[in-house]
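J.: These protein sequence lines map, in sequence, to chains A and B. For what it's worth, the working numbering labels the leading residue of the first sequence as 1, then goes sequentially. For what it's worth, the working numbering labels the leading residue of the second sequence as 1, then goes sequentially. Where is the CB? At the ideal position from N, CA and C, for every residue including glycine.
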Amino acid sequence: MNKNINFDLLANELDELKRQTLTEVGTADAAYIRNVIVWQRALEWGGRVLLMLGVIHPLCWIVGVLSLASAKILDNMEIGHNVLHGQYDWMNDPHINSRQFDWDIACDGKSWQRIHNYEHHTYTNVIGKDRDFGYGLLRLSNDFSWRVKNLWQFLTYLNLSMLFQWGVSYHELAAERVFMGKKKQDRPSKIDPSELKRRFFSKGGKQLFKDYLLFPLLAGPLFLWVLCGNLIANLIRNLWTSTIIFCGHFTSDVHTFSQAECENETQGQWYYRQALGSSNILGGKLFHIFTGHLSFQIEHHLFPDLPSSRYQQVAPKVQAIFARHGIAYHTGPFLRQYSQVVKRILRYSLP
Amino acid sequence: MNLLTRLNQVTAKTLFHTDSIGSYFEPIMQRIKPAWRTHCFRAQVLGHQLLRADVVQLDLSADKAWPQAIAGQHVLLTVEINGRLMTRPFSISSAPDQSHSRYPKKRVIRLTIKTHVDGAFTAKLLANITAGSYVNLSAPQGEFAVSDRIQPSTPLWFVAAGSGITPFMAMLNQMALLPQQPQNPINLVYFAKLGEHLYVDELMALQQQLNQLKVQLLIRKNGDNLADALSDCTVQSQVLVCGPGQFKQDVDRQLDAINHPLKQRQAEYFQAPVMSQTHSGEQHIQLTQRGKQTQLTLATNNSLLNGLEQQGISANFGCRIGVCHQCQCIKKSGVVRNMRTGEISQQGEQLIQLCISQAVTPLELEL
Chain A
1 MNKNINFDLL
11 ANELDELKRQ
21 TLTEVGTADA
31 AYIRNVIVWQ
41 RALEWGGRVL
51 LMLGVIHPLC
61 WIVGVLSLAS
71 AKILDNMEIG
81 HNVLHGQYDW
91 MNDPHINSRQ
101 FDWDIACDGK
111 SWQRIHNYEH
121 HTYTNVIGKD
131 RDFGYGLLRL
141 SNDFSWRVKN
151 LWQFLTYLNL
161 SMLFQWGVSY
171 HELAAERVFM
181 GKKKQDRPSK
191 IDPSELKRRF
201 FSKGGKQLFK
211 DYLLFPLLAG
221 PLFLWVLCGN
231 LIANLIRNLW
241 TSTIIFCGHF
251 TSDVHTFSQA
261 ECENETQGQW
271 YYRQALGSSN
281 ILGGKLFHIF
291 TGHLSFQIEH
301 HLFPDLPSSR
311 YQQVAPKVQA
321 IFARHGIAYH
331 TGPFLRQYSQ
341 VVKRILRYSL
351 P
Chain B
1 MNLLTRLNQV
11 TAKTLFHTDS
21 IGSYFEPIMQ
31 RIKPAWRTHC
41 FRAQVLGHQL
51 LRADVVQLDL
61 SADKAWPQAI
71 AGQHVLLTVE
81 INGRLMTRPF
91 SISSAPDQSH
101 SRYPKKRVIR
111 LTIKTHVDGA
121 FTAKLLANIT
131 AGSYVNLSAP
141 QGEFAVSDRI
151 QPSTPLWFVA
161 AGSGITPFMA
171 MLNQMALLPQ
181 QPQNPINLVY
191 FAKLGEHLYV
201 DELMALQQQL
211 NQLKVQLLIR
221 KNGDNLADAL
231 SDCTVQSQVL
241 VCGPGQFKQD
251 VDRQLDAINH
261 PLKQRQAEYF
271 QAPVMSQTHS
281 GEQHIQLTQR
291 GKQTQLTLAT
301 NNSLLNGLEQ
311 QGISANFGCR
321 IGVCHQCQCI
331 KKSGVVRNMR
341 TGEISQQGEQ
351 LIQLCISQAV
361 TPLELEL
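1. Between the Cα of A/Arg177 and those of A/Leu196, A/Met162, A/Arg273, A/Leu160, spot the shortest distance and give me the residue it belongs to.
2. Along the alpha helix (DSSP H) that carries B/Thr11, what are the first and last residues, could you check?
3. In the segment 205-253 of chain B, which residue ranges form an unbroken alpha helix (DSSP H) of at least 4 residues, counting only runs that do not cross its ends?
4. Where does A/Ile236 fall in DSSP's three states?
5. Note down, in chain order, each residue of its chain lying with its Cβ closer than 6 Å to the Cβ of A/Gln100, except the 5 sequence neighbours on either side.
6. Can you list, in chain order, the residues of its chain whose CB lies under 6 Å from that of B/Arg320, leaving out five sequence neighbours each side?
7. Check each residue of the segment 317-332 of chain B: if its Cβ is closer than 7 Å to any Cβ of chain A, include it; give the result in chain order.
8. May I ask you to list, following chain order, the residues of the segment 303-318 of chain A that have a beta carbon less than 9 Å from some beta carbon of chain B?
9. Check the Cβ of B/Gln30 against every Cβ in chain A and list those closer than 8 Å, keeping chain order.
10. From the beta carbon of B/Asp118, is the nearest beta carbon of chain A less than 8 Å away?
11. Roughly how many whole angstroms lie between the Cα atoms of A/Gly64 and A/Leu53?
12. Flag A/Ser98 as yes if its beta-carbon sits less than 8 Å from any beta-carbon of chain B, otherwise no.
13. Which residues mark the beginning and the end of the beta strand (DSSP E) in which B/Gly164 is found?
14. Note down, in chain order, each residue of its chain lying with its Cβ closer than 7 Å to the Cβ of B/Gln30, except the 5 sequence neighbours on either side.
15. Under 8 Å, Cβ to Cβ, is there at least one residue of chain A near B/His74?
16. For A/Phe322, I'd like the list of residues in its chain whose CB is within less than 6 Å of its CB, leaving aside the five on either flank, ordered along the chain.
17. Quick check on A/His85 - is its C-beta less than 8 Å from some C-beta in chain B?
18. Would the beta-carbon of A/Gln337 fall within 8 Å of that of A/His301?
19. By alpha-carbon positions, which one of A/Asn6, A/Ser111, A/Phe250, A/Leu155 ends up nearest to A/Leu173?
20. Of all the options B/Gln44, B/Leu240, B/Leu298, which has the alpha carbon lying nearest to the alpha carbon of B/Val369?
21. What separation, rounded to the nearest whole angstrom, lies between the Cα atoms of B/Leu298 and B/Ile313?
22. So the alpha helix (DSSP H) A/Ile15 belongs to, where does it begin and stop?
23. Going by alpha carbons, who is nearest to A/Ser349 out of A/Asp104, A/Ile244, A/Asn142?
24. For A/Val126, return the contacting residues in chain B, with the cut-off set at a CB-CB distance below 7 Å.
25. Just the chain B side, please: which residues come within less than 7 Å of A/Thr27 by C-beta, in chain order?
26. Taking the straight line between their C-alpha atoms, what separation do you get for A/Gln267 and A/Leu14?
27. Below 8 Å on the Cβ atoms is my contact criterion, and I expect A/Asp108 with A/Arg199 to pass it. Report the Cβ-Cβ distance as a whole number of Å.
28. When you check each C-beta in the segment 150-181 of chain A against every C-beta of chain B, which residues fall closer than 9 Å?
29. Closer than 8 Å, CB to CB, is A/Asn76 near chain B or not?
30. Does the distance from the CB of A/Gln87 to the CB of A/Leu335 come in under 8 Å?
31. Count Cβ pairs between the segment 316-331 of chain B and the segment 116-124 of chain A that sit closer than 8 Å; are there 3 or more?
32. Which residues in chain A sit within 8 Å of B/Met86, going by Cβ to Cβ distance?
33. Of all the alpha helix (DSSP H) runs that stay within the bounds of the segment 198-239 of chain A, which reach a length of 4 or more residues?
34. Does DSSP put A/Phe133 in a helix, a strand or coil?
35. If you reduce the DSSP assignment to three classes, tell me which class A/Gln318 lands in.
36. Once you ignore the five residues that flank A/Ile345 on each side, which residues in its own chain have a CB closer than 8 Å to its CB?
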């Protein structure tokens, strides 16, 4: 860690920024998330109807797939991810809160909260603690020793991206070694493996039933059209979410940390680690919404429960604070960030 | 659980990942019908007026589906204030069948609300509602009502202080609407500060209509006291008390003195939150965990999470620094302080994070 940084001052400035921003949160933010939900519903049902109208003109089917994919992306990113983080709990809405909410992906929301909200956000990029760094599949830094399987890890990465929702869903079971491998002694389990298994199959099963059986059956003779449409929509969503998330954490400048470095960490040091463990993507307003504002990964990691509707507003202020403290603020256009991710995966596939 | 509810739940869980089909479509329904909510009834704000600088009368017209209240019952009123849904209980101060000249042909619910300058709800209420806008109501609740099994010979004593007059306005108006006047002697004892009695004209009119009604408008500062006011109260009387907690205790003491039996007393009282710590620096917590209730006493200088763990109660937790929201639970009532921001919470029901919350008042928690 950089010893020249005044971590206490950094913590004060960032705390104050969050406090100040939270005082402004209100009607507009509640209206914003409800609005996104209405769009999600409209795109989902518009998409499902258009898929069935594919019989009239194939263009309907194509628009239907894109519409359904957009709905799934909104549900996953701007709504699900952010609501499950507790960003909208202050609204006191019985349905839009982190305790009630579940999303339209194979992963049980509660499992994701344990692994992502807790493990990843508390121990961001701490090797051995944050399983999101490489997802146990990829070698992305010299912190891990090279193994033969890393040679073809770019293919592993492509597979992971395509099946991303299943990867997310299986993440906690893999960490807990529910199906294979030896249980880690130092890993405190919060949930019974049989309960984990039950939830994994129950949520995953419902997803498969809905997209690959029920809706295709409702389409009658268009069974295959709808089935393929749902498959492609899920695939688009998986590739998109995976890509955005990889761009947020695995660009070239992202740092990793050892467990020893992070012992007795102060609030300022925690902020510093979040800053160096994340990177942003530049883009327009709509792009930010479809990334669930994870294009503001740095701001999200500093303030994970600040409503996503505020990340665009705080970003320049965060950047100014970082500049004063001499902390790098990693951001860039999508293609540049993504090419860095690809290079990183390729670079560490070799010893 | 009936079959329809079950079907609704299974469909919603499978297709929408929500607890009911309604909650999935709620944001869309709200575009068509503002403030439409699956778990509440809707009511339109007909108008409001200031009865006093610090008392607002709110006239509402509820959906047809809203179950009619019994005079004396209260409702939970939910209003969106700066994007946040806030809920408070209020007694209904109008009779179920009462007609209102200002709103002919409407079923009107009148709420009489004392506002507090620093109140998170009442102080901001008027700024957040306009005539024609919608708010939410719960079904009417509460047992505070005159039983229809009461003998015609039983004297009724209504004892109110301040805004505690509201349920009695409903009861008296209801009695005035009955085809046959009640035979019971009715005594209304109403304490308030000088010039602060509410609905005086209405009470005088009621006194004209109800032969048996005797109204005493009393002011403590002027030397009026409970002992004199209740001097005619007998052990046969049915006594209903509504007012601040302290007032209820005073009335109880007075009734004990004449050996008035407890089973002939009904009370509804409101307690201002005790913001200061108890002497020992502890607070009482009523905890509900998987339907099981536990009473606890926790130190207030500790986080709720630490406190619960020290008592051997395992709550779900994660980061313990307020980041991950794993330790979230429902606070049913009471006030907590956010240890990170120093912010003091609302009194009503809301989600809180155990790891960064301290008890400020007695709490009801649901894990």
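T.: By the coordinates alone:
1. A/Leu196
2. 3-11
3. 226-229
4. helix
5. none
6. Cys355
7. Gly318, Cys319, Val323, Cys324, His325, Gln326, Gln328
8. Pro304, Asp305
9. Arg34
10. no
11. 9 Å
12. yes
13. Here B/Gly164 belongs to no beta strand (DSSP E), and DSSP marks it neither H nor E.
14. Trp36
15. no
16. Tyr329
17. yes
18. no
19. A/Ser111
20. A query on residue 369 of chain B cannot be resolved here, the shown segment of chain B reaching from 1 to 367 and no further.
21. 12 Å
22. Note on residue identity: the sequence assigns Asp, not Ile, to residue 15 of chain A. Where A/Asp15 is concerned, the enclosing alpha helix (DSSP H) stretches over 7-24.
23. A/Asn142
24. Result: empty, since nearest Cβ-Cβ is about 13 Å, beyond 7 Å.
25. Asn82, Gly83
26. 10 Å
27. 4 Å
28. none
29. no
30. no
31. yes
32. Asn92
33. 215-218
34. coil
35. The question names Gln, yet the displayed sequence has Val at residue 318 of chain A. Looking at A/Val318 - three-state DSSP - the assignment turns out to be helix.
36. Leu138, Leu140, Gln153, Phe154, Tyr157, Phe250
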